[in-house]
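Peer 1:
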Amino acid sequence: LESLERRGLVRPRGGTLHSLTSEGFKLARALNQARTDAAAIANEDDDVEPESDVLFEDRIKVGPEEFVTFPFTLPEYCGIRYVIDADDPVDVLIVESANYKTWRNDDDVESYYAHHEGQQYIDEELWFDQSGEFFLIVWNPGDERIKVDVVGTLVKSE
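Below, the structure written as structure tokens:
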């Protein structure tokens, strides 16, 4: 970890916890892409194109008191792994499509799948027993415009 800290790839989060910096996040993304490319090359003899497991991936700027949504669809008995890396703390909510519409109308959402408040770094996996359309919402409760890296990948049961 000390070597990664010296290279600016991770930052201490207190105690033994560490999180990726923007540069560390870029490196992890590049390594994941290299792994995907290697798998595609290994399957090159097959006529079937490899299926992408990335549901969304973006580096966004979110203004104060603003939010950005990431819609995604999951098949039955699958999950999502979502990674959020923000300059400052953000709130993240995952809801079904119907609950997103309620939330957008400034009504209280009584049912959600995940809710994180005031987090700079999140790396979570969430499983669903039914297919459906969902939204990951990133909200900036702060007073400054911030950068946020957001990645969501499909996780299939084995």
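Position one of the sequence shown corresponds to residue 744 (the numbering used here), numbered consecutively onward. Glycine included, each C-beta is placed from N, C-alpha and C at the ideal position. What you are looking at is a predicted structure, and each value in this text was computed from that prediction instead of being measured.
Reducing DSSP to helix, strand and coil, say where residue 843 ends up.
Peer 2: Helix at residue 843.
Peer 1: Among residues of its own chain, excluding the 5 on either side of residue 881, which ones have a beta-carbon nearer than 7 Å to its beta-carbon?
Peer 2: If we look at residue 881 and ignore the five residues flanking it on each side, its Cβ neighbours are 805, 810, 811, 827, 833, 835, 891, 893.
Peer 1: From the DSSP output, in three-state form, read off residue 905 for me.
Peer 2: There is simply no residue 905 to check, as the chain begins at 744 and stops at 901 in what is shown.
Peer 1: Could you give the residue range of the beta strand (DSSP E) that holds residue 802?
Peer 2: It spans 797-805 - the beta strand (DSSP E) in which residue 802 sits, taken as one unbroken run.
Peer 1: To which residues does DSSP link residue 698 through a beta bridge?
Peer 2: The requested residue 698 is not part of the displayed model; the chain covers only 744 to 901.
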